[in-house]
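Residue numbers for the sequence shown follow the numbering used here, beginning at -3 and rising by one.
Backbone N, C-alpha and C fix where the C-beta goes; we use that ideal spot for every residue, glycine too.
Predicted model, so just to flag it, every value in this text is computed and none were measured.
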Amino acid sequence: MVKFETLNYHIKFVEFLATNNTIRINDGIEFNKFKAMCENVGLNVRRSWSEWVELAKRNENTGKFQGYICFEYDNNKGLSFYNDEKKSIDWYLRYPFTIEDFDDAEVLR
């Protein structure tokens, strides 16, 4: 369950938590910021960046990695991902958020 201790959260992160868009993560540095954002609201991200990359490779059935992962949150499913940005865009009808969208957000602290 997501907990909010303050109302100073970036609206785009709230949209992510409400399953209204994904967040595209390109590398381990961005992933660490994303993980901190999630943990700040009580979401426990149990896998490392390299473990998510391995899952993406297996999901692709080619052993290749696209170079990014689009993370999705759903209250029923928890944290999941798209390893094809086009599928994310087709589903949400907009481009995924990027970590730069949150650079000045309270949630990064």
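In DSSP terms, what residue 66 is bridged to: 20 and 78
Nearest candidate by alpha-carbon position, reference residue 78, set 71, 72 and 91: 91
Cβ-Cβ separation, residue 64 to residue 81 (assumed contact under 8 Å), whole Å: 7 Å
Contacting residues, own chain, Cβ-Cβ under 6 Å from residue 22 (five flanking each side not counted): 64
Burial state of residue 7, where buried means 16 or more other Cβ atoms lie within 10 Å: exposed
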